[in-house]
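To keep things clear, I will list the structure first and then write my remarks on it.
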Amino acid sequence: MAPRANTTSDNLAGPCRHKPLKERCVSCILDDSSYFATLPMHAKLALQPGMHLKKFPRLTVLYHEGGHDNYLYILISGEVKVYKSTADGRQQIHKIASIPGDLIACEDLYLSASSSTSEAISDTTVCMMRRDFLREASTKFPEISDAMMQAMARNLNAYIRHIANLGSKNAESKVASYLVFQHETHKRREDHLNFLADSLTRVEMAEMLGMTQRTLIRSLNSLTKKCTISIAKEGFIIKDMAALTRLAEGSE
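This is how it looks when you write it as structure tokens:
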């Protein structure tokens, strides 16, 4: 579990008080999530009754594009990819939720149908919350929507920079941009070795960046030779973030 940030003992919600002891989590994800951690305790306690734990085995779809799903999902453990299907049957992945507390389907809060499909990459546990429950709680406690908007705005700005960086870049710069973006938004916060977990296959990563698998592998090898990254078993280790950022910006 990622360490708590900007929380104090007087705003920790702790285990769900309305549930029997045997059904309570050891700690509440609201206290760890970057979206909710800074909320006052009374706001967290207002959200807890609407949260329900659910497990999704690997390769299980949480919701389908075009379907009428009514939930917001808060990641507890595991990894989830969010993607749109292209006309030729490929998956255009635009989000990976991998850090405890990450939100899934937050972009669909005010839509009548899901804009994407989400699928568990590994065995995944989430807390589900009905959208109408969240909206009602946010009406009573405006600080809930304020905290969510601030966190989502940070992630949106990082995503916009990422997309803008991909526009006219060569393959190596595109890969560097992807790694910088992932580092900004999905790096394991408790890890001080700049380890970047990545469960995508090389095919999925190549499709995400709009290149062939061969071009992707060649670009990764080039970044490795330049000592900006090293390839680990379950992801990448960022060895020189400054150099990687310059490559992403096309400065080298």
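Number 22 in the working numbering belongs to position 33 of the sequence shown; there are no gaps in the numbering. Where a beta carbon is used, it is the ideal one built from N, C-alpha and C, also for glycine. Source: prediction; values computed, not measured.
Cα-Cα separation, residue i to residue j
i, j, result
"H31", "Y60", "22 Å"
"N146", "L10", "41 Å"
"Q202", "V192", "6 Å"
"S300", "K70", "As displayed, the chain neither begins before -10 nor continues past 241, which places residue 300 out of reach and without an answer."
"T114", "H172", "23 Å"
"M194", "L92", "21 Å"
"R13", "G78", "42 Å"
"I18", "D187", "22 Å"
"F130", "L236", "44 Å"
"L212", "R124", "45 Å"
"R120", "E238", "38 Å"
"E54", "E68", "18 Å"
"Y52", "D58", "6 Å"
"A140", "T75", "29 Å"
"G3", "Y167", "36 Å"
"M118", "S134", "14 Å"
"T27", "R207", "43 Å"
"E179", "R143", "Caution is warranted here: a pLDDT of 48 is assigned to E179, below 50, making its placement in the model unreliable, and the coordinate value is therefore given only provisionally. Distance between the alpha carbons of E179 and R143 is about 19 Å."
"S16", "I149", "34 Å"
"S87", "V50", "16 Å"
"M200", "L48", "24 Å"
"S162", "I85", "20 Å"
Reduced DSSP category for residue i - H, G, I as helix; E, B as strand; rest coil
i, result
"Y95", "Inspection of the sequence shows that residue 95 is occupied by Cys rather than by Tyr. Residue state, collapsed to three classes: helix."
"A232", "helix"
"P9", "coil"
"K214", "helix"
"I110", "coil"
"S208", "helix"
"A86", "strand"
"A221", "strand"
Residue i: CB within 8 Å of a non-hydrogen atom of the ligand HEM
i, result
"S87", "Questions concerning the ligand HEM fall outside what the structure shown contains, since it holds no ligand whatsoever."
Within 9 Å, strictly: CB atoms of residue i and residue j
i, j, result
"F25", "L42", "no"
"F225", "L185", "yes"
"I251", "P89", "What the structure shows of the chain is the stretch from -10 to 241, and residue 251 is not part of that stretch, so it cannot be assessed."
"A232", "K214", "no"
"C95", "M137", "yes"
"L189", "I110", "yes"
"Y62", "C5", "no"
"S105", "K73", "yes"
"L205", "V164", "yes"
"K44", "D112", "yes"
Inter-residue CB distance, residue i and residue j (contact presumed, cutoff 8 Å)
i, j, result
"S103", "G56", "5 Å"
"I218", "K228", "6 Å"
"M230", "N183", "7 Å"
"D20", "L1", "5 Å"
"Q81", "E196", "7 Å"
"P38", "H7", "5 Å"
For this session: Could you pull out every unbroken beta strand (DSSP E) segment of at least 3 residues lying fully inside the segment 11 to 55, listed in chain order?
Result: 40 to 45, 50 to 52
Problem set entry | Continuous beta strand (DSSP E) assignments of at least 3 residues falling wholly in the segment 115 to 201 | 184 to 186
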